[in-house]
Every structure is written in C-alpha cells, then in structure tokens.
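Engineer:
Residue numbers (the numbering used here): 3 to 289.
1. At 4 residues or longer, and completely inside the stretch 67 to 147: list those alpha helix (DSSP H) runs for me, N to C.
2. According to DSSP, which residues form a beta bridge with residue 240?
3. Between which two residues does the alpha helix (DSSP H) holding residue 164 run?
4. Would you say the beta carbon of residue 210 is closer than 8 Å to some non-hydrogen atom of the ligand ATP?
5. Is residue 256 helix, strand or coil when you go by DSSP?
6. Quick check on residue 37: buried or exposed, where buried means 16 or more other Cβ atoms within 10 Å of its Cβ?
7. Is residue 89 near residue 232, with beta carbons less than 9 Å apart?
8. Residue 91 to residue 277, Cα distance in whole Å?
9. Does residue 189 pass the burial test, meaning 16 or more other C-beta atoms within 10 Å, or should it be called exposed?
10. Excluding the five sequence neighbours on either side, which residues of its own chain have a C-beta within less than 7 Å of the C-beta of residue 125, listed in chain order?
11. Taking the Cβ atom as the reference point for each residue, do residue 263 and residue 255 lie within a distance shorter than 9 Å?
12. Can at least three beta-carbon pairs, one atom from the stretch 109 to 121 and one from the stretch 137 to 156, be found at a separation below 8 Å?
13. Taking 9 Å as the threshold (C-beta atoms), are residue 142 and residue 114 in contact?
14. For residue 58 and residue 174, what's the separation of their Cα atoms in angstroms?
15. Where does residue 279 sit, in a helix, a strand or coil, going by DSSP?
16. How should residue 225 be labelled, buried or exposed, when 16 other C-beta atoms within 10 angstroms of its C-beta is the threshold for buried?
17. How close, in whole Å, do the beta carbons of residue 201 and residue 76 come, if the pair is a contact with beta carbons under 8 Å?
18. So for residue 200, helix, strand or coil by DSSP?
19. Would you check if the distance between the CB atom of residue 260 and the CB atom of residue 213 is smaller than 9 Å?
20. Run through DSSP, which three-state label would residue 215 get?
21. Measuring alpha carbon to alpha carbon, tell me which of 127, 133, 28 ends up nearest residue 98.
22. Using a Cβ-Cβ cut-off of 7 Å (strictly less than) and excluding sequence neighbours within five positions of residue 52, which residues of its own chain qualify?
23. Contact defined as beta carbons within less than 8 Å: I believe residue 102 pairs with residue 49. What is the distance between those atoms, to the nearest angstrom?
24. Please report the distance separating the alpha-carbon of residue 287 from that of residue 159.
25. Note down the Cα distance separating residue 47 from residue 55, rounded to an integer number of angstroms.
26. Whole angstroms are fine: how far does the CA of residue 170 sit from the CA of residue 179?
27. With a threshold of 16 other CB atoms inside 10 Å of the CB of residue 62, please say whether the residue is buried or exposed.
Below, the structure written as structure tokens:
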C-alpha cells in the first residue's frame, strides 16, 4: 500500500489537477469581478458553512476519532473538478463553477492543513498524530497548485494543444478518480460495512445539508437561477481524491480515507438529482 499512497496517489491527483488547469484561462478569474455576490457566497459556503455543518453532523451522530477527522477532511477540501461537468449538464453557470473550483483549489494549500490539524487535535489525542504544517502546505502546493497553474499557462500559450490534451486527460482523470475511490474501499473492505454503517449516514446528511443550505442562502441573496445551481453543486461536490490523499499519504491512516470515499460515491448520486430536477424544471407542463 505504501507505493500506492506515497507515489500513485500524489501523481494521480496531480494529473487530475493538471486536467482542470488545461480548461482554465485567465478570463475565468474575471468571474470574481463580474459576479461578486455569487462568487463570495460560493467561497463562504465552501470555507465556512461546510466545515461548520461537518462539525454539527459529527456531533449529532456522536462520532469521534479517525472517522470524525475523515469527515472534517472531506469538508475542508475544495470543490471537485466533477462539479464543472455537473454544472454544464444541469444548465448552471459553468464559468462561475470553473472560477470557484480554481480559487478554492488554490486556497486549499492554506485552509486544508490548518483545519485538518485542528481536527486532529480536537478529535484525537494530541500526541497521536499531527499534520506537519509547512510540509503539508508545500506538498499540497506541489501536487495541486503547480499542476493547475501549469495547465492554465499551457492553455494560454498553446490553446489548440491544451484542448487536445484536455480531452485525453479529462477521461484519464475520471478513470484515476474511480480507481482511487475503489482502492480506498478495497483496502478497508473487511471493515467497510461497519464503517459505512457508522459514517455513511453522517456523510450523506452532510452532503444533503450542504446543498440545502447553499440553496437557501443563494435564494436569499437573489442570485440568478443558473448561479444558484452552480453554488449548490460546487459546495456539494468535493475533491474526494484530495481527501483520500491527505488521509492516506500525509497522515498514513486508511480509516480516515473511508468518509472521503463514501462521500465521493454519494455526491455523484445527489449531484445527479440536481441535474434531474433541472431537466424536469425546463420541461413545459402539458395542457
């Protein structure tokens, strides 16, 4: 398992993030200026609402230890690249989705280590395990930020080449994501059902609550419908690959990977419901 967690996982995540960068341009970041209200709400839900909801869900189910930390890890990870695909399929604001994914991914270099370290100290004994702050910041930056920036720069300089590579890397990214989630589940297959019974309900509730709260807040501040869907999807679909890598590679703890793996499966279903509802809402009502 060591070669998987120390070599395969980081390389796979870097490929996924590079794939995201290939679809980015500097114009995507103009969404911060063009749609400040929706963008600010997306960041608020991602960085503030999600971790708070995760803590509330953990408390509600009385979870502790490694599974509690695992849930906190998935809650502080940035939006997943898949959210951009779901945004397109649901008729959401794709440009806003891309901008939110990119910015939260870059910011995760700082936010993830800080909150994960707090979670370790809060839910585990202080001496049990610790995430080295500078090492983890550097590691996340190398594995996530550099590939994203590299993909963006390539797209700016060689857009035709970037477009060709994106088609290849996007398919590869999906395959790698599936392999990573399945590997995390198979590694703990003997304990997966008990873990699923304990944390599965918690991660599902977290996912649903996140989407509902994001929906309510987006409707409250009156952003356009397409942006409402973007915020709901962006906050509900997390970077499960990063969550699994932090637990397995940085913390060397397979149990902590389980909530991220379970959440990654559940978010595809709930995200699919958002797409379905969006499609049904567009259909004209028969007379």
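We put the beta carbon where it would ideally sit given N, CA and C, even for glycine. Everything numeric in this text was worked out from a predicted model, so none of it was measured.
Structural biologist: According to the structure shown:
1. 67 to 78, 84 to 92, 96 to 125, 135 to 142
2. 81
3. 161 to 189
4. The ligand ATP is not among the ligands present in this structure, which contains no ligands whatsoever.
5. coil
6. buried
7. yes
8. 6 Å
9. buried
10. 66, 67, 70, 71
11. no
12. yes
13. yes
14. 36 Å
15. helix
16. buried
17. With a Cβ gap of about 10 Å, residue 201 and residue 76 do not count as contacting.
18. helix
19. no
20. helix
21. 28
22. 77, 212, 237
23. Not a contact, Cβ separation roughly 11 Å.
24. Confidence at residue 287 is low in this model, with a pLDDT of 45, below 50, so its placement is unreliable and no value can be given for it.
25. 10 Å
26. 14 Å
27. exposed
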